[in-house]
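FYI, in mature numbering (1 follows the signal peptide of the UniProt record, and there is no 0) the residues of the sequence shown are -19 to -1, 1 to 94.
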Amino acid sequence: MLGFKTMILLTAAATHALAATATRANLQLCGDRNFGKCEDIDFIVGDCVFAGQLNDKVSSLDTKGRFCKFYVDTGCRDGNGHIDYNGKLSDIRGDYRSVISTKNDDISSFRCY
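Below, the structure is given as structure tokens:
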């Protein structure tokens, strides 16, 4: 039977191993359409990320190959909606194919997979 100290050490080692395997990525959020006034944002895949200085200002974006959900609310809450996207979107307002056009200057947080 394992002692308490051994269990704590094993738990700490497992937590460290999981943290070490976290996948890092980045994407680009832009304050203007056609990729103007952009900021590259680094994140850990699966984590909820705040849009930072571009909160409620995003007009174009590039997920750099990741599938992402972009939320109107902070904390990746879905109360006021979200958009799912993978790839480059040069003009959020100009995407009339879907509800995406209503999210221009509304993105506050995102989560990518």
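Each residue gets a CB set at the ideal place from its N, CA and C atoms; glycine is no exception.
Could you please give me the residues that DSSP links to residue 109 through a beta bridge?
Lying outside -19 to 94, the shown extent of the chain, residue 109 is not represented and no answer is given.
I'd like to confirm the pairing. Which residues does DSSP put opposite GLY92 in its beta bridges?
The residue you call residue 92 lines up with position 111 of the sequence shown. Correcting the residue identity first, residue 92 is Arg in this sequence and not Gly. DSSP output for ARG92 lists CYS29 and LYS50 as bridge partner(s).
What does DSSP give as the partner residues of CYS5 in its beta bridges?
Residue numbering aside, residue 5 sits at position 24 when the sequence shown is read from its first letter. The sequence given here places Arg at residue 5; Cys does not occur at that position. According to DSSP, ARG5 bridges with ILE25.
Can you tell me which of the three DSSP states GLY60 falls into?
Taking the sequence shown and counting its residues from 1, one reaches residue 60 at position 79. Three-state DSSP puts GLY60 in coil, outside helix and strand.
Is SER82 helix, strand or coil by DSSP?
Taking the sequence shown and counting its residues from 1, the one referred to as residue 82 is at position 101. SER82 falls in the helix class under three-state DSSP.
Have a look at VAL39 and ILE22 and give me their C-alpha separation to the nearest angstrom.
Numbered from its first residue, the sequence shown carries residue 39 at position 58. Numbered from its first residue, the sequence shown carries residue 22 at position 41. Taken atom to atom, the span from the alpha-carbon of VAL39 to that of ILE22 is near 13 Å.
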